[in-house]
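Going down the list, the sequences are from chains A and B. For the numbering used here, count along the first sequence from 1 and bump the result up by 1. For the numbering used here, count along the second sequence from 1 and bump the result up by 150. C-beta: ideal position from N, C-alpha, C; glycine also. Inspection log for the structure reproduced underneath, given as C-alpha cells.
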Amino acid sequence: MFNIVRHRRWYYLFSALVILPGVIAMIYSVFTIGTPFRLSIDFTGGSLWELRFSEPIPPAEVIRVFNDNNFSDVNINTIGDDKTLLIRSEEISPDEKAQLLSAINETFGETPEELQFRSVGPTVGREVTRTALIAVFMASVVILGFITWAFRNVSHPVRFGVAAIVAMLHDVLVTMGVFSIMGFISGWEVDALFLSAVLTVIGFSVQDTIVVFDRIRENSRRRRGEDFETIANRSLLETMHRSMATQINAMFVMIALLLFGGLTIRQFIATMFIGLLSGTYSSIFTATPLLVSWEKGELNLLRRLRGNKRPAAA
Amino acid sequence: MQSRNNLSLFIITLVAFLAIYIALPIQHPGWFTKIVAGHQPADQALDLRLGLDLQGGTQVQLAPDLPAGQTASLEDINRAKAIIERRVNGLGVAEALVQTSNERIIVALPGISNPDAAIEALRGTGQLEFVEMGQNPVPPGTKIVTSLNASEATTDTVVYKTLFTGDLLRSADVSRDPTTQEPYIAFELKPEGAKIFGEYTAQHIGDYVAIVMDKTVLSAPVIRAAISDSGIIQGSFTLEEARNLAIQMQYGALPVPLKVVDVRTVGPSLGQDSVNSSVKAGLIGVIVVLLWMLIYYRLSGFLADLALVTFAALNMSIYKLIPVTLTLPGIAGFLLTTGMAVDANILIFERMKEELRGGRSLPSAVEAGFSRAWTSILDSNLSTILTAIILYYFGSNFGASIVQGFAITLLLGVVISMFTAVLVTRTLMRFVVAHFAERLQHHLSLFGA
Numbered sequence: 002m003f004n005i006v007r008h009r010r011w012y013y014l015f016s017a018l019v020i021l022p023g024v025i026a027m028i029y030s031v032f033t034i035g036t037p038f039r040l041s042i043d044f045t046g047g048s049l050w051e052l053r054f055s056e057p058i059p060p061a062e063v064i065r066v067f068n069d070n071n072f073s074d075v076n077i078n079t080i081g082d083d084k085t086l087l088i089r090s091e092e093i094s095p096d097e098k099a100q101l102l103s104a105i106n107e108t109f110g111e112t113p114e115e116l117q118f119r120s121v122g123p124t125v126g127r128e129v130t131r132t133a134l135i136a137v138f139m140a141s142v143v144i145l146g147f148i149t150w151a152f153r154n155v156s157h158p159v160r161f162g163v164a165a166i167v168a169m170l171h172d173v174l175v176t177m178g179v180f181s182i183m184g185f186i187s188g189w190e191v192d193a194l195f196l197s198a199v200l201t202v203i204g205f206s207v208q209d210t211i212v213v214f215d216r217i218r219e220n221s222r223r224r225r226g227e228d229f230e231t232i233a234n235r236s237l238l239e240t241m242h243r244s245m246a247t248q249i250n251a252m253f254v255m256i257a258l259l260l261f262g263g264l265t266i267r268q269f270i271a272t273m274f275i276g277l278l279s280g281t282y283s284s285i286f287t288a289t290p291l292l293v294s295w296e297k298g299e300l301n302l303l304r305r306l307r308g309n310k311r312p313a314a315a
Numbered sequence: 151m152q153s154r155n156n157l158s159l160f161i162i163t164l165v166a167f168l169a170i171y172i173a174l175p176i177q178h179p180g181w182f183t184k185i186v187a188g189h190q191p192a193d194q195a196l197d198l199r200l201g202l203d204l205q206g207g208t209q210v211q212l213a214p215d216l217p218a219g220q221t222a223s224l225e226d227i228n229r230a231k232a233i234i235e236r237r238v239n240g241l242g243v244a245e246a247l248v249q250t251s252n253e254r255i256i257v258a259l260p261g262i263s264n265p266d267a268a269i270e271a272l273r274g275t276g277q278l279e280f281v282e283m284g285q286n287p288v289p290p291g292t293k294i295v296t297s298l299n300a301s302e303a304t305t306d307t308v309v310y311k312t313l314f315t316g317d318l319l320r321s322a323d324v325s326r327d328p329t330t331q332e333p334y335i336a337f338e339l340k341p342e343g344a345k346i347f348g349e350y351t352a353q354h355i356g357d358y359v360a361i362v363m364d365k366t367v368l369s370a371p372v373i374r375a376a377i378s379d380s381g382i383i384q385g386s387f388t389l390e391e392a393r394n395l396a397i398q399m400q401y402g403a404l405p406v407p408l409k410v411v412d413v414r415t416v417g418p419s420l421g422q423d424s425v426n427s428s429v430k431a432g433l434i435g436v437i438v439v440l441l442w443m444l445i446y447y448r449l450s451g452f453l454a455d456l457a458l459v460t461f462a463a464l465n466m467s468i469y470k471l472i473p474v475t476l477t478l479p480g481i482a483g484f485l486l487t488t489g490m491a492v493d494a495n496i497l498i499f500e501r502m503k504e505e506l507r508g509g510r511s512l513p514s515a516v517e518a519g520f521s522r523a524w525t526s527i528l529d530s531n532l533s534t535i536l537t538a539i540i541l542y543y544f545g546s547n548f549g550a551s552i553v554q555g556f557a558i559t560l561l562l563g564v565v566i567s568m569f570t571a572v573l574v575t576r577t578l579m580r581f582v583v584a585h586f587a588e589r590l591q592h593h594l595s596l597f598g599a
C-alpha cells in the first residue's frame, strides 16, 4: 500500500512555505496601511464610479476635473480599453455627482455612460465592518460546535476536532494570504463578497475533512488489528479518488466562471478557487497527517502541555 | 421493493418534468401559474427575478439627516417610508422595493433609466411653501429663509412670511403648454388652502407670491387676479424635473430630512454584459461537468447527469416560485452547488466501485454504495448549510442583497442536491439494476469500475 502519511513532515513544510509569504504580506500591510488587506469602500466609505467614454480619455485629465471640484483623494484605473475608467474617491454626494458630471461634460464634450456607481457613507462602512466581524465570529462558533458534534462518536473527538480546525485555519490563512499578496500586486480589496468567499471556503474545508475523517471512523471500527497510521493511510487512499474527482469537477465550474463569468465576480471566484484547492489539499495533507502525528506523540509542544495540565482531551 | 421503486421513479419523473416545464423561459398558461405560484396574479408570467446587478438599476439607502445627538423616532421613519413608497409609485418603477432597516430606508429601483433624477425625487424633503414676496421678488433658484424656519436666519437675512404649506395642497400634476411645449405643474388646493389663498390674492393684486420647494424658489409670479383653488407653476425645468417636483408636492413633506448614505447603481449595459457572461459561464461549466461525469463514470455518470439536469430544473423552478432574486454571486452559488450535487454522486460511485472490487454482486454493491456514503454526504453538507445560514443572516443585516443572493442559492442548492443526488440517482440506479443486473454483471466497466 502506498504510504502517504509517512512524508507528513514535508507536507507541513510545504504548507508553511505557502502560508508564510501571505502572512508576511499581511503583517507588512498592517504596518503600511493599518489593516492586513486593502479594504473596499464597503468598509471604509467612499465612492466607486465606472464610466465609459466614446473616446480614450487620459485618467490624469479626469483626476484634474475631480481636483478642481475639491476632490483630492482620487484614483483612476482604466479597464479593458482606455475608454472605460474606474474612479475611486471620497464619498460623492448626489449634488457633487451632478456637479462633477457637468464638469466632465464641459471638459471632454460628452456625457459618459455610467456603467456603475457605488457610494458608501462612513457610518454605513462602520456598521458593515461590525456586522462582518459578528458574522465571522458566529461562523467560527457554529463550525466549532458542528465539528464537536460530528465527531462525538470517535475515540478521540478532541483530536479530530482540533485537526479539522487546524485544516480550516490552514485554508483560511492560505486564502487570506494570497488575497493580501494580490492586494499589493493588483489592488484586490476586501469587500462583502470576500467575506462570503472565506466563509464558503470554511464550509467546504470542513466538508472535505469530514469525508476523510468519516472514513477513518469507519475503518477504525472494521479493522481493529491495524495501527492508526495504517488505518489513516488506508482511509486517505480510499477517499483519494473522490477528493480528486470532486476537485476536478469544482475546478471545471470555477474555471468556466473565471474565464467567462464577467469581471464583477472574478475576484470573488478566484478567492474561492484558491480556498477550495487548499481545502482539498489540507484534508489530505494536513488534517489526517496531523492525527497521525498526534497519535505518535510527535507534537512535542502539545505533549508537554498535556504533562503539565492534563486537559480533558486525554 | 421493486414496485415501490417503480412508484418513486414515476413520482420523480413527474416532478422532474414539472420542474423542467416551470423552468423553461416560455409563457405559461394563466391557470398553471395560478396553481403553482398561488400568490401571483394569473396574468403575471413565471419569470426569473433578476437582481439590480443583472438588470441594471439603483439601490439607495436614506438616513435621517439630523444634527449630531438627535435621533429620529420610529414613527417618523415609518411615516417617511410611507411617503417614499408613494413617491416611488409616482415614479412608476415596476418591482420597486422600499424597506426599512434600523434607522434607514432602503429603496431598490430596478431597471431605472435615470437613477440620479429618481434619487433626487426621493431624497428631497418636499416641503412646499407659498410665500409672500411683496413688491421685490427674488429670481427662481434662490435659497430663501421663511418664517417656517426663521431660526436659520442671521441678523441681516430677510425672513419671508409663509402663507401656507403643502399640507393644504390637494393634487399636483404635470402638463405641457400647448404652444411653447414648456412643462408646468398644475396644482389644486384643499378648501382651507383655497380660502387663505383666495383672500390673500384678492387683497394683493400686483404683488408677487413665491412658490418655494425645500427653501428654493421655484417661481415667483405676479398676482394678476384673485386665485382660489387652483393654479399653475411655471419655471425653467425639464419635464423630468417638473414630474419629480409634482410627485414631491402630491405626497407631502417628509417628517424628517433624509440624506443619501449608500448608493449602488448598475447601468443597463453592464447588467446585460453580466447576464450574458454568467449564462455563458453557467452553461459551459454545467456541460463540462456533465461530460466529465459521463466519461469518468459511464453508465453511473449518465444517471448522475439525469439527476443533475433534474437538480438544475428544480433550482430554477424554485427560484421562480419563491421567488428568489437572482444576482451574479447568486448564480455563482448555484454553480458551486452543482459541483456539490455531483460530489455526492462521486462519493456514492466511488463507494460502489470499492464494493464491486471487494467482490460484491452488482445489486448489493449499489445498495452498499448508497447507504455507506450517506453519512458522509449528510455530515459534510451540514457544514455548508450552516455556513449558508450564517451568510444569509449576515447579508440581511446590512441590506447587502449581494451576500444574501449568494447565501440563498447556496442553501437551496445544497438541500436540493441531497434530494437529487441521493434519491433520484438511487431510484434510477435501482431501476437499471433491477432490469439489467445480469447483463451488466459482465460489463462492470460501465460503472467506472
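- Cβ atoms of residue 413/B and residue 208/B come within 8 Å of each other, at about 7 Å.
- Between the stretch 289-305 of chain B and the stretch 228-236 of chain B, the count of C-beta pairs closer than 8 Å stays below three; the two stretches do not touch.
- Beta-bridge pairing by DSSP links residue 279/B to 315/B, 362/B.
- Residue 412/B is bridged by DSSP to 121/A, 211/B.
- Residue 203/B and residue 299/A have their C-alpha atoms spaced approximately 52 Å apart.
- Across the stretch 464-495 of chain B, CB contacts with chain A closer than 9 Å involve 478, 479, 481, 482, 483, 485, 486, 488, 489, 490, 492, 493, in sequence order along the chain.
- For residue 540/B, the C-beta contacts it makes with chain A under 7 Å involve 136, 139, 140, 143, 200, in order along the chain.
- Within the stretch 65-118 of chain A, the complete alpha helix (DSSP H) runs of at least 4 residues fall at 95-109.
- If you draw a straight line from the Cα of residue 51/A to the Cα of residue 249/A, it comes to about 36 Å.
- Between residue 201/A and residue 216/A, the CB-CB gap reaches or exceeds 8 Å.
- Rounded to whole angstroms, the Cβ separation of residue 264/A and residue 164/A is 38 Å, and the two are not in contact under 8 Å.
- Distance check between residue 258/A and each of 485/B, 566/B, 455/B, 459/B places 485/B closest, using alpha-carbon atoms only.
- Contact annotation: the stretch 121-131 of chain A touches the stretch 34-51 of chain A, with at least three C-beta pairs closer than 8 Å.
- The three-state reading of DSSP puts residue 327/B in coil, since its state is none of H, G, I, E or B.
- Between residue 212/A and the set 588/B, 523/B, 319/B, 227/B, the nearest pair of CA atoms involves 523/B.
- Within chain B, the residues 500 have their CB atoms less than 7 Å from the CB of residue 242/A, given in chain order.
- One Cα belongs to residue 72/A, the other to residue 97/A, and the distance between them is close to 10 Å.
- Residue 63/A places its beta carbon less than 8 Å from that of residue 86/A.
- In the structure shown, residue 582/B falls within a helical segment according to DSSP collapsed to helix, strand and coil.
- Around the beta-carbon of residue 173/A, 16 or more other beta-carbon atoms lie within 10 Å, marking it buried.
- Counting of Cβ neighbours within 10 angstroms places residue 236/A among the buried residues, the total reaching 16 or more.
- Here the stretch 100-116 of chain A does not lie against the stretch 501-509 of chain B, with fewer than 3 beta-carbon pairs under 8 Å apart.
- Taking 8 Å as the threshold, the shortest C-beta distance from residue 38/A to chain B does not fall below it.
- By the criterion of a C-beta distance shorter than 6 Å, residue 254/B is surrounded in its chain by 211, 213, once the five residues flanking it on both sides are discounted.
- Judged by DSSP in its simplified three-state form, residue 373/B adopts coil rather than helix or strand.
- Between residue 349/B and residue 355/B, the alpha-carbon positions lie close to 11 Å from each other.
- Within the stretch 411-424 of chain B, those residues whose Cβ lies closer than 8 Å to any Cβ of chain A are, in chain order, 411, 412, 413, 414, 415, 416, 417, 419, 420, 423, 424.
- For residue 250/B, the enclosing beta strand (DSSP E) has its first and last residue at 247-251.
- Nearest in C-alpha terms to residue 409/B, of all of 306/B, 511/B, 256/B, is 256/B.
- Taking 8 Å as the CB threshold, residue 100/A stays off the interface with chain B.
- Between the alpha carbons of residue 381/B and residue 336/B lies a distance of about 6 Å.
- Just so you know, the alpha carbons of residue 521/B and residue 542/B end up roughly 31 Å apart.
- From the beta-carbon of residue 455/B, no residue of chain A is found nearer than 9 Å; the closest lies around 12 Å away.
- The alpha-carbon separation between residue 206/B and residue 306/B amounts to approximately 49 Å.
- With respect to the C-alpha of residue 94/A, the residue from 231/B, 245/B, 260/B, 269/B having the closest C-alpha is 269/B.
- Assignment of residue 51/A by DSSP, reduced to helix, strand and coil, places it in the strand class.
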